[in-house]
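For reference, the structure is listed below as structure tokens.
Number of protein chains: 2
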Amino acid sequence: MSLDARSLDHSADRIPPKFDAAWSLGPSRPSPVANDGQGRVLSFDARHMIIDEADPARCSYVVLEGSVMISKMLPDGRRQIIELLGPGDVFGMTTNRVHESAAESLGPVRVAAYDAAALRADQDLQLMFAERMKSQICALHDHAMLLGRKTARERVSTFLIRLIPGRGGGGCTGPVGKDACGVTVSLTRQEIADYLGITLETVSRAFSQLKREGVLSYSRHDAVTVTNVCRLCRLTGAH
Amino acid sequence: MSLDARSLDHSADRIPPKFDAAWSLGPSRPSPVANDGQGRVLSFDARHMIIDEADPARCSYVVLEGSVMISKMLPDGRRQIIELLGPGDVFGMTTNRVHESAAESLGPVRVAAYDAAALRADQDLQLMFAERMKSQICALHDHAMLLGRKTARERVSTFLIRLIPGRGGGGCTGPVGKDACGVTVSLTRQEIADYLGITLETVSRAFSQLKREGVLSYSRHDAVTVTNVCRLCRLTGAH
DNA sequence: CGGCTAGTTGAAGACACTCAACGAGCGTGG
DNA sequence: CCACGCTCGTTGAGTGTCTTCAACTAGCCG
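These protein sequence lines are chains A and B, in that order.
Number 178 in my numbering belongs to position 178 of the first sequence; there are no gaps in the numbering.
Number 1001 in my numbering belongs to position 1 of the second sequence; there are no gaps in the numbering.
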């Protein structure tokens, strides 16, 4: 069994949006987004700030390849990672003059940037943005539930389930044969913590506990095997 | 000084979206949304379920008048209120066959319902939906920060500041003369708690503490005077 | 090998939760 | 009219989960 989720065949446009695990993948296939030349294509290395908080708002972006994380900071340094985005997802939209959240590449990434004029001119592009915003709003709703009401253990379980394409969601088919699955965790413990609204120690403890209980196994930090997906699913609080 | 925020002159389309306090108002002015007859206008009493979780997805909605709250439940009964919406805001969009969150009227409310075909046919409507989704995504980002990283006291302070139009946000002008303001709290303590991701007791304690410290004063539960808006603002964690 | 980063684990403490009692306000009905 | 029940809010006491602080380990690179 592969430890690398990227070997699984699923494209961003077929997965129900709120369980889209595209951002968990390593180097990813090009997104289905048509780029008719109006959008400037930009490439960034890993951990590069694409948008800083309070940057003047010039463009909206589409992720073409790779993963992007959206975050916000409080003046005293507390950080919240708001969204984890994969190919097809959009970011940088604002009704304000400035961006209200930062965007950073998780790995090497390619994005397309569209200024307001380009967007206004292309109706297909507008529709695509609208569709994506809908799915991302669903994901944000789910995440608000996680942040507001779930325990640390449930948060970490939910996080891990989201890494497994097609599982844990409404359209989950249930276990198919041996119910194990390998996933690549491309975030540090600190980043997972900032995403889940807990501390890195709590994340670490939750991982260790799940490992001790036989739900997970791993030797490398970033290559985790979920031994029993259904059991993990029952720990998310959603079922 | 009035205890009723509705007396203040501000329309939904001029307020920066993430600090839009339209949902804090009582009976509200009609929204600027053009209703060209394609959308069915629906009216509901207070505390009426407009959408149940897992309802088949038929329409997208625009709030015309009144306030709507969007929420999700876990199977064990834990609830999270995800969004509080006012005139101009949209809800019910989904890429799925079913709605993934519930919508309930806070007071008497009028909404316009558009099915997919109506939306596809009207480009202005699409644009309006897209613009609103942008602002609501910003609000969801802000709220994720609140839920993930703020203390109970900061959450309640943020909640109260959001009730005050034009204050607490980026475009905050600072105190103008005597820095007091009356607001109408049209949610129960339980609802505030479910919105802020804490318990009703914690909400109550936070209110009491702020009152004891002289930041707030109130005799009725739903009519609160913020005695010193700037001081409250400094308690939100955002400044 | 030393220094650095990332992760794990332990001990102690704080913040919010749970459970419970009590009080205020309101509508109903005797 | 007042008693009653009901809902909603407040407050207290005790508990628990998660945080904080700190020590320690593993892996990596010069």
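For glycine and all other residues, C-beta sits at the position ideal for the given N, C-alpha and C.
> How would you label residue 1134 of chain B, buried or exposed, when you count the other beta carbons within 10 angstroms and need 16 or more for buried?
Replying inline: Flag for residue 1134 of chain B reads buried.
> Do we get a CB-CB distance below 8 Å when we pair residue 1190 of chain B with the residues of chain A?
Replying inline: No, residue 1190 of chain B does not count as interfacial toward chain A.
> Just how far apart, CA to CA, sit residue 164 of chain A and residue 1230 of chain B?
Replying inline: The alpha-carbon atoms of residue 164 of chain A and residue 1230 of chain B are separated by roughly 46 Å.
>> What does the Cβ neighbour count give for residue 80 of chain A, buried or exposed, with the cut at 16 atoms within 10 Å?
In response: Residue 80 of chain A should be labelled buried.
> If you scan the segment 1155-1234 of chain B from start to end, which runs of the beta strand (DSSP E) of 3 or more residues do you find wholly inside it?
Replying inline: Within the segment 1155-1234 of chain B, the complete beta strand (DSSP E) runs of at least 3 residues are 1181-1184, 1216-1218 and 1223-1226.
>> My output table needs one value for residue 236 of chain A: the three-state DSSP class, helix, strand or coil.
In response: In the structure shown, residue 236 of chain A sits in coil (DSSP, three-state: anything other than H, G, I, E or B).
> Does DSSP put residue 1104 of chain B in a helix, a strand or coil?
Replying inline: Collapsing the DSSP output to three states places residue 1104 of chain B in a strand.
>> I need the straight-line Cα distance from residue 207 of chain A to residue 180 of chain A, nearest angstrom please.
In response: Between residue 207 of chain A and residue 180 of chain A, the alpha-carbon positions lie close to 16 Å from each other.
>> 8 Å is my cut-off, CB to CB: does residue 1131 of chain B come that close to chain A?
In response: Contact of residue 1131 of chain B with chain A is assigned, a C-beta pair being separated by under 8 Å.
>> Helix, strand or coil, according to DSSP, for residue 1067 of chain B in the structure here?
In response: It is coil, neither helix nor strand.
> With respect to the alpha helix (DSSP H) encompassing residue 1119 of chain B, which residues constitute its N-terminal and C-terminal limits?
Replying inline: Taken as a continuous stretch (DSSP letters only), the alpha helix (DSSP H) holding residue 1119 of chain B covers 1116-1121.
> By Cβ distance, which residues of its chain are closer than 6 Å to residue 1069 of chain B, with the 5 residues on each side in sequence left out?
Replying inline: Once the five neighbours on either side are set aside, the close Cβ partners of residue 1069 of chain B are 1081, 1084, 1104 and 1106.
>> What does the alpha-carbon distance come out to for the pair residue 1108 of chain B and residue 1194 of chain B?
In response: Their backbone Cα atoms lie some 21 Å apart in a straight line.
> Looking only at C-alpha atoms, which of A:61, A:214, A:217 and A:149 sits nearest to residue 111 of chain A?
Replying inline: Taking only the C-alpha atoms, the option nearest residue 111 of chain A is A:61.
> Can you tell me whether DSSP reads residue 1084 of chain B as helix, strand or coil?
Replying inline: Reduced to three states, the DSSP call for residue 1084 of chain B is strand.
> Who are residue 1059 of chain B's beta bridge partners in DSSP?
Replying inline: Residue pairing for residue 1059 of chain B: DSSP places it in a beta bridge opposite B:1115.
>> Rounding to the nearest angstrom, what Cα-Cα distance links residue 119 of chain A and residue 1059 of chain B in this structure?
In response: When only Cα atoms are considered, residue 119 of chain A and residue 1059 of chain B end up about 25 Å apart.
> Does DSSP put residue 150 of chain A in a helix, in a strand, or in coil?
Replying inline: Note: residue 150 of chain A maps to coil in three-state DSSP.
> If we count the other Cβ atoms within 10 Å of its Cβ and call it buried at 16 or more, is residue 1087 of chain B buried or exposed?
Replying inline: The residue in question, residue 1087 of chain B, is buried, as its Cβ has 16 or more Cβ neighbours within 10 Å.
> Are any of the Cβ atoms in chain B nearer than 8 Å to that of residue 43 of chain A?
Replying inline: So, not an interface residue.
>> Considering only their Cβ atoms, is the gap separating residue 90 of chain A from residue 132 of chain A smaller than 8 Å?
In response: Result yes, Cβ atoms of residue 132 of chain A and residue 90 of chain A sit closer than 8 Å.
> With distances taken between CB atoms, is the gap from residue 200 of chain A to residue 156 of chain A smaller than 8 Å?
Replying inline: Not in contact: residue 200 of chain A and residue 156 of chain A (Cβ atoms no closer than 8 Å).
> On the premise that residue 227 of chain A lies in contact with residue 216 of chain A, defined as a C-beta separation below 8 Å, what is that separation, rounded to the nearest angstrom?
Replying inline: Indeed they touch by this definition, with Cβ atoms about 6 Å apart.
> What's the call for residue 116 of chain A, buried or exposed, on a 16-neighbour Cβ count within 10 Å?
Replying inline: Exposed.
> For the segment 1073-1084 of chain B, which residues have a beta carbon sitting closer than 9 Å to at least one beta carbon of chain A?
Replying inline: Residues passing the 9 Å Cβ filter: 1073, 1074, 1075, 1076, 1078, 1079, 1080, 1081, 1082 and 1083.
> Could you give the residue range of the beta strand (DSSP E) that holds residue 1042 of chain B?
Replying inline: First-last of the beta strand (DSSP E) with residue 1042 of chain B: 1040-1044.
> Leaving out five residues before and five after residue 10 of chain A in sequence, what residues of the same chain have Cβ atoms less than 6 Å from its Cβ?
Replying inline: Unreliable placement is indicated for residue 10 of chain A, whose pLDDT of 34 sits below 50; no coordinate value is reported for it.
> In three-state DSSP terms, what is residue 73 of chain A?
Replying inline: DSSP, read as helix, strand or coil, puts residue 73 of chain A in strand.
> So what's residue 1128 of chain B in DSSP terms, helix, strand or just coil?
Replying inline: Assigned with DSSP and collapsed to three states, residue 1128 of chain B falls in helix.
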